[in-house]
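Chains as they are written, first to last, in the working numbering: chain A, 80 to 463; chain B, 4 to 615. For every residue, glycine included, the Cβ atom is placed at its ideal position computed from N, Cα and C. Encoded as structure tokens, the structure appears first; notes follow it.
Here it is in structure tokens:
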């Protein structure tokens with residue numbers, strides 16, 4: 080088949096094309112099962128991803144060779160890249176490129192729903208072992224409703240679906256709320272402005288829902304921002320191996336710093352009023368977090384480090400089970416410590432607090448008014 | 004990056020769409036760069052940027068190929084200018100490391116002509132610090148002719164050195180390379196013209212053009228100092244001239260072709276014979292051939308002998324022929340896969356364009372003498388050196404088949420070509436690979452998985468079982484014109500290869516990458532001239548050890564040792580008696596899996612171990 084032409088087999092013989100794509104997907108899935116390392120749930124989900132890309136190819140109806148080779152290209156990171164994060168990002172880039180290309184060339188009227196479903200599967204259904212099926216099915220239905228009833232494009236729909244919390248269960252209605260808002264005879268700009276004001280005063284986990292809602296309602300009015308918007312969307316989509324991070328830790332993750340090799344582990348947890356001292360030669364950077372502090376309001380001081388207020392959040396408030404109900408916000412300079420994979424991934428929200436020129440001894444104390452069972456955790460100290 | 008080429012080749016909607024795509028691509032790159040630190044991505048930033056650039060260029064040419072013909076401004080001249088722009092970018096990338104192989108010697112010749120008005124390089128070797136080569140470790144090459152008064156000449160023909168003079172005077176080393184790049188651009192123009200002359204559709208030419216002009220091997224030779232690209236230009240012009248019966252075009256082209264490298268005389272002979280129409284033509288032809296032979300013989304000394312006129316044995320011919328096609332390090336299949344279709348085009352000889360038939364038939368004698376040579380793979384040079392001049396003709400064959408090639412195969416070739424170009428541009432020194440039977444891909448896999456992946460890649464430099472299998476498969480595919488779906492076959496092949504590649508093999512070559520070396524050294528030394536003529540090995544001395552995957556049971560260990568030495572494998576110790584040349588002993592591998600070989604005393608060169 081010459082490059083650049085619509086496959087006759089696909090355009091004229093859809094039945095035959097289904098069989099061909101199905102056989103291709105099966106062959107690829109079996110091959111990828113043997114090729115993929117077993118190191119992470121993303122690696123183990125490679126056959127699933129391959130099937131999704133094959134489905135993209137079937138739906139796009141054009142340039143089937145591109146999708147087939149893109150599926151094959153997923154083997155390259157599995158075989159050649161030993162570093163885990165680099166390998167996962169490479170998977171992410173290949174899948175994002177295939178998905179974006181499918182969106183670009185497909186007949187939008189027919190393909191939007193199918194591609195949205197594929198996108199949601201990629202963003203929310205990996206790792207498969209951690210999927211709570213009934214909740215995810217509701218999110219999926221919400222995404223389909225957004226595309227079909229709300230008339231939203233797949234890109235903002237996927238953003239809504241990605242950020243929809245599944246804990247508590249009532250938040251599963253978020254996509255449906257957005258769909259209703261889109262149908263209301265109110266100017267989109269007014270809806271956006273209202274949610275901007277509301278989001279400004281709301282807690283962090285609600286604010287990000289407001290932001291994605293604003294993006295969704297204003298998506299069709301981006302005009303000059305068309306190219307940057309899609310480029311940013313593709314970049315974020317490429318992070319599907321850590322979609323939970325994109326959903327809950329973005330943009331805080333961009334300011335995160337990897338642990339320093341000079342960092343010394345401390346692992347001390349201080350209850351209210353407790354004090355801990357450590358000898359330091361010069362300035363130091365303390366990595367600290369809270370324990371059981373998710374319900375404390377953002378900015379709450381949980382302790383003092385050499386006179387500096389430590390307003391660190393709970394170390395695990397970005398886990399999907401805790402995120403929406405938490406009142407914390409991410410620290411200014413979080414530690415780049417990513418846990419888990421896919422939709423279940425979360426950022427260990429320890430803050431890095433730099434203490435300049437302490438007097439030989441670093442005195443760390445937990446706030447005396449901390450609620451019971453809450454603690455200030457000193458995870459590590461980095462001497463400069 | 005492709006803004007100027009976009010304005011040169013596109014207009015209307017296609018131009019607007021491409022500019023938007025390029026803008027988006029840069030934003031995407033910026034966004035991805037932001038992820039590197041927090042996500043602790045371990046990637047060479049230089050490789051990432053070069054790969055991004057190559058991908059953008061590939062996408063640009065995909066746009067050019069697929070755009071509405073009304074939105075494309077396509078002509079040979081525009082294609083040449085675009086190629087020149089990309090070659091200009093390639094030059095600084097290639098100059099990341101000093102020039103290598105024969106390159107510095109051509110430049111020394113240029114310097115000698117410019118500064119001394121002679122070809123004696125003695126003073127150049129004495130004063131390398133002032134040379135633009137950037138190499139202070141140069142000495143005469145093996146077999147370089149020496150004059151009666153001790154003059155030290157280079158074995159290389161001086162015509163390329165002469166051509167580089169203007170560039171050298173303007174910009175020293177980059178200027179000299181720019182001359183080659185200029186020939187590259189001229190080659191791009193001539194290639195497009197040739198395709199037009201032979202009736203290849205514009206759409207096909209647009210689609211295959213980036214594979215030829217910006218794909219391997221042309222891209223690597225267009226930004227380095229080798230005579231191959233100027234020779235390719237001369238060859239294409241000679242073919243065009245003959246097809247158009249314009250002696251004023253083919254005669255000077257053929258003259259320059261032979262002056263660039265005397266070995267091209269073997270091509271020129273047949274071309275001239277094909278041009279015979281009258282006796283006067285014959286006389287002119289003899290004159291044309293005699294002049295460059297005399298010039299080259301006079302200027303490059305006695306480096307060639309009459310004995311070279313006898314081709315090698317049939318086995319050597321088969322080895323070189325299939326090596327050029329299938330070898331993992333130096334074959335078309337792995338180093339420039341698009342030209343595999345030109346090989347398939349050979350089986351449809353009568354349906355091929357006349358220029359293809361003329362070009363290929365004129366190379367018959369050349370190939371007959373090339374393939375049995377030990378150095379059929381090009382020696383210390385980027386891959387496919389000896390057939391670079393033939394690439395536009397092979398491209399013509401592929402273009403003639405283009406409509407019948409499956410899009411899967413084309414996209415697979417495109418993806419592999421992008422990877423080859425990105426790798427070669429980011430790490431130009433890796434274009435030069437020691438001839439040890441491995442290749443970059445197999446070495447990378449072997450290093451990651453500590454298992455012998457090199458045995459899965461056909462090697463004709465150090466012939467292996469995969470080479471036999473690949474040769475037989477190629478013959479079958481070509482004879483019965485077997486058609487298969489690349490996207491279906493490749494995953495199965497890759498999966499099977501990956502599973503078996505991680506298992507212990509029957510043969511352990513001790514110098515290979517998969518062997519974990521704790522002490523010892525490579526034999527022969529890494530940059531040994533004509534390394535392919537040696538049996539490689541790993542020299543161990545007391546205390547050194549090697550670790551590798553091996554199969555349980557009796558094996559034969561081949562080695563050489565000047566004095567008796569002793570090794571230990573598992574719990575057993577083995578005495579290696581002194582040998583003259585190579586010897587072998589029977590050893591027993593206690594279990595399948597990782598095995599430790601330790602040298603207990605003495606020194607031995609361990610060649611390989613074969614499971615029996």
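Taking C-alpha atoms, which residue in the options lies nearest to residue i?
i	options	result
residue 361(A)	433(A), 134(A), 417(A)	433(A)
residue 358(B)	333(B), 330(B), 396(B), 350(B)	396(B)
residue 490(B)	339(A), 351(A), 104(A)	104(A)
residue 336(A)	225(A), 116(A), 417(A)	417(A)
residue 282(A)	199(A), 212(A), 376(A)	376(A)
residue 147(A)	180(A), 123(A), 162(A)	180(A)
residue 169(A)	189(A), 144(A), 207(A), 125(A)	125(A)
residue 537(B)	563(B), 552(B), 545(B)	563(B)
residue 76(B)	160(B), 435(B), 384(B), 205(B)	205(B)
residue 375(B)	319(B), 361(B), 259(B)	319(B)
residue 13(B)	74(B), 501(B), 289(B)	74(B)
residue 314(B)	279(B), 407(B), 377(B), 546(B)	377(B)
residue 79(B)	477(B), 191(B), 103(B), 157(B)	191(B)
In chain order, what residues of the same chain have a beta carbon less than 7 Å from the beta carbon of residue i, not counting five sequence neighbours either side?
i	result
residue 403(A)	244, 246, 247, 250, 284
residue 269(B)	368, 369, 372
residue 286(A)	278
residue 557(B)	589, 591, 615
residue 3(B)	As displayed, chain B neither begins before 4 nor continues past 615, which places residue 3(B) out of reach and without an answer.
residue 176(A)	149
residue 515(B)	441, 449, 455, 457
Given that residue i touches chain B, what residues does it touch there, using C-beta distances under 9 Å?
i	result
residue 162(A)	43, 44, 45, 46
residue 409(A)	Chain B residues near residue 409(A): none, gap ~12 Å exceeds 9 Å.
Return the chain-ordered list of same chain residues with a C-beta closer than 6 Å to the C-beta of residue i, the five sequence neighbours on each side being excluded.
i	result
residue 560(B)	588, 590, 612
residue 229(A)	258, 261
residue 49(A)	One cannot answer for residue 49(A) here, as it falls past the ends of chain A, which runs 80 to 463.
residue 532(B)	145
residue 461(A)	339, 341, 342, 364
residue 526(B)	540, 542, 608
Show which residues of chain B have a CB atom less than 7 Å away from the CB atom of residue i.
i	result
residue 113(A)	498, 501, 502
residue 106(A)	491, 494, 495
residue 314(A)	31, 34, 35
Residues of chain A with CB under 7 Å from residue i, in chain order?
i	result
residue 447(B)	159
residue 18(B)	Here the premise fails: no neighbours, minimum Cβ distance about 15 Å.
residue 414(B)	144, 145, 148
residue 202(B)	The contacting residues do not exist; residue 202(B) stays about 17 Å from chain A at best.
residue 23(B)	306
residue 542(B)	In chain order: nothing, as chain A lies at least about 29 Å away.
Taking Cβ-Cβ distances shorter than 9 Å, what residues in chain A pair up with residue i?
i	result
residue 2(B)	Here chain B has residues from 4 to 615 only, and residue 2(B) is not among them.
residue 411(B)	80, 143, 144, 147, 148
residue 26(B)	306, 307, 310
residue 83(B)	Within chain A, no residue comes near residue 83(B); the closest Cβ sits about 23 Å away, beyond 9 Å.
With which residues is residue i paired in a DSSP beta bridge?
i	result
residue 357(B)	None; residue 357(B) has no bridge partner.
residue 559(B)	589(B), 613(B)
residue 97(B)	Its beta-bridge partners do not exist; DSSP assigns none.
residue 344(A)	459(A)
residue 413(A)	430(A)
residue 599(B)	550(B)
For residue i, collect the residues of the same chain with a Cβ closer than 8 Å to its Cβ; drop the 5 residues on either side in sequence, then sort them by chain order.
i	result
residue 577(B)	560, 569, 570, 571, 588, 590
residue 9(B)	18, 21, 22, 25, 63
At a cut-off of 7 Å, would you count residue i as near the ligand GTP, judging by its Cβ distance to the nearest heavy atom?
i	result
residue 328(A)	Ligands are entirely absent from the displayed structure, and the ligand GTP is therefore not among its contents.
Taking residue i as the query, report the chain B residues whose CB atoms sit under 8 Å from its CB, ordered along the chain.
i	result
residue 103(A)	490, 491
Inspect the CB distances between the segment 152 to 160 of chain A and the segment 209 to 223 of chain A and report whether three or more fall short of 8 Å. no
Please list, in chain order, the residues of the segment 145 to 170 of chain A that have any C-beta partner in chain C closer than 7 Å. No chain C is present in this structure, whose protein chains are A and B.
How do the segment 450 to 457 of chain A and the segment 196 to 207 of chain A stand: do at least 3 beta-carbon pairs fall below 8 Å, yes or no? no
Should the segment 198 to 215 of chain B be regarded as contacting the segment 249 to 258 of chain B, the criterion being three or more beta carbon pairs within less than 8 Å? no
I want to know whether the segment 231 to 250 of chain B touches the segment 106 to 119 of chain B - three or more CB-CB distances under 8 Å. no
Should the segment 179 to 194 of chain B be called in touch with the segment 231 to 241 of chain B, which here means at least 3 C-beta pairs below 8 Å? yes
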